[in-house]
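Below is one structure; the comments refer to it alone.
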Amino acid sequence: MDRHYFIDDMRVIVEINEVVNQIPLMRRVTFYKIRKNPLEELQEAEFKMKYRFSRGTAVFLIDIVKNDLAGDSRGGFIPPHLKVLTAIRTWARGEIQDDAGDLSGMSQPRISLVCKEVALALVAQRAQWIKMPQSDVEQKHVITGFYSVCGFRQVIGAIDCTHIRIPKVVSNANLEIMEIVAHWRGSTHDSRIFNESRIKQRFEQSEFKGRLLGDSGYACTPYLFTPILRPNTQKEEMYNRSHIRTRNTVERCFGVWKQRFRCLQLGLNTKLVNTKLYVAALAILQNIAMHKQDLLEDAIEDDRNVPVTELVNNYLRGSSVRAAFINENFKNN
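The C-terminal position of the sequence shown is numbered 333 in the UniProt record's numbering, with every residue numbered one higher than the one before it.
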C-alpha cells in the first residue's frame, strides 16, 4: 500500500472526527400519540352515547375539577379535559380494554392512573354534592318532592341497598343521592348497615323533620317506615301502595345510575379502598347529571330483600307510630 495514500486516508478520518465532535449532541426526540378531542370531533348524539353525559354537562365536569388535576408531563402532557373524558368513558363502558385508549392515546396503565386522579378530584367536592337537606327550607323542598309522587306525607328520603359494594344509599325524589355508605361487604344485611350508620344516629337525634321509607329489609321505627307485610284493612292497603310507589324513587335512582355507569353492573375490579373511592365519585357524577337535568331512560333496580322479623320490644313504638300515621292520612273510600 502506498504510504502517501495511507497518510491521506488518516487525515480524512481525523478531519471527520473533528467535525463530528463540533456538532452539539442532539436530544432524543420523543414522539407522542396524537390525542383527539371528543368535545370537538363527535356529534352530540354520539358524544352522549359514548360518555353518558351531554356535551354541556361534560364541560361543566371538566371546569369544576380541572384545577385539582395534576399537570404530569411523564409520557406527554394530558390536558384536564382529556383526563375527565377518559375517566367517564372508562366508567361508562365498565372496562379499560375498549376504545378509551384509542380516543385518548393513553396506555391502559395510564388510564387507570387517570381514573383514580379524576375520582380523587371529584370526591374532594363530596360535601357539596352528597348531603342530606339541612335547613327547614331544604327539608320542606325534599318532602314536597316526595309528596308529589303519590301523596305520602313527611318523607325526606328513600333508603335501600344494591348489589355492588355500595351497601346503603338514601335518595330524594329527583333521583339524587343524599347519603352513601361504601365500607361494607356486599353480603352484609341492609338492617345491620343502617343500624351502625351515622345517618341512623342523626334521625334518632331528631335532626330531620321527615322520615325515611325502606323496604322489608329494615325494621319499622318512628323515623323509618316499612310496608305492612300482611295488610288487613283498606287503609293499610292504600298505605302500602303509596309506600311502594314513593320508595320506588330509590330503585329508579339505582337503575339510572347503573345504566349510566356500566362498571356498577359489571363490578369494579379494583382494591376495596379504590372501589369505595370510585363509588363515591360515581355518586357525585350521578347527582351532577340530575342537577343539570342530563337524563337517561329510567331503569328499575330489581328489589329482592328478605323481610326482617320485627322485635316487639325494640320496634313496637315504630309500628304504633306507623299505625297512627295510616289512620290519620289514609281514608277509606
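A virtual CB, placed ideally from N, CA and C, is assigned to each residue, including glycine.
Element boundaries [alpha helix (DSSP H), containing residue i]
i	result
Ile-284	272-291
Asp-136	136-150
Met-49	44-51
Met-238	234-260
Glu-117	108-123
Leu-61	55-65
Cys-220	Taken as a continuous stretch (DSSP letters only), Cys-220 belongs to no alpha helix (DSSP H), as it is neither H nor E.
Lys-36	Neither: Lys-36 is in no alpha helix (DSSP H) and is coded neither H nor E.
Thr-90	80-93
Where residue i falls, given that 16 or more other Cβ within 10 Å makes a residue buried
i	result
Lys-271	exposed
Glu-138	exposed
Pro-109	exposed
Arg-192	exposed
Leu-61	buried
Ala-45	exposed
Val-273	exposed
Ala-127	exposed
Asn-269	exposed
Asn-37	exposed
Same chain, Cβ closer than 6 Å to residue i, five either side skipped, listed in chain order
i	result
Ala-323	none
Trp-91	Phe-261 and Cys-263
Leu-212	Gly-157, Ile-159 and Leu-224
Lys-168	Cys-161, Val-181 and Ile-193
Gln-265	Lys-258
Val-321	Pro-222
CB contact check: residue i to chain C, cutoff 9 Å
i	result
Phe-203	No chain C appears in this structure, which consists of one protein chain only.
Cβ-Cβ distance between residue i and residue j below 9 Å
i	j	result
Leu-82	Tyr-51	no
Phe-53	Ile-88	yes
Leu-175	Arg-252	yes
Lys-331	Lys-235	yes
Thr-226	Ser-216	yes
Gly-145	Ala-173	yes
Val-65	Val-118	yes
Gln-293	Val-256	no
Ser-148	Val-250	no
Host beta strand (DSSP E) of residue i (start-end)
i	result
Ser-171	168-171
Leu-212	211-213
Gly-157	155-160
Glu-179	177-181
Proximal residues to residue i (C-beta, below 8 Å), its chain only, five neighbours per side dropped
i	result
Arg-317	Thr-221 and Pro-222
Lys-200	Phe-194
Val-123	Leu-277, Ala-280, Ala-281 and Ile-284
Lys-48	Ser-54 and Arg-55
Cys-150	Arg-241, Ser-242, Arg-245 and Thr-246
His-141	Pro-133
Close-in-space but distant-in-sequence residues of the same chain around residue i (CB under 7 Å, 5 per side omitted)
i	result
Ala-283	Ile-130, Ile-177 and Ile-180
Gln-154	Ile-143, Gly-210 and Arg-211
Asp-68	Ala-121 and Ala-124
Asn-329	Arg-153
Glu-237	Pro-231
Residue closest to residue i, alpha-carbon to alpha-carbon, out of the options
i	options	result
Asn-240	Asn-274, Phe-194 and Phe-152	Phe-152
Gly-267	Asp-294, Leu-120 and Arg-93	Arg-93
Ala-70	Glu-41, Phe-47, Thr-233 and Lys-116	Lys-116
Thr-233	Asn-327, Phe-47, Val-170 and Pro-38	Asn-327
Arg-202	Gln-134, Lys-258 and Arg-247	Gln-134
Tyr-218	Ser-206, Glu-40, Ala-289 and Glu-196	Glu-196
His-291	Ile-228, Thr-57 and Met-106	Thr-57
Asp-63	Leu-296, Phe-325 and Ile-288	Ile-288
residue 335	Phe-325, Leu-42 and Arg-198	Because the chain spans 1 through 333 in this model, residue 335 falls outside it and cannot be assessed.
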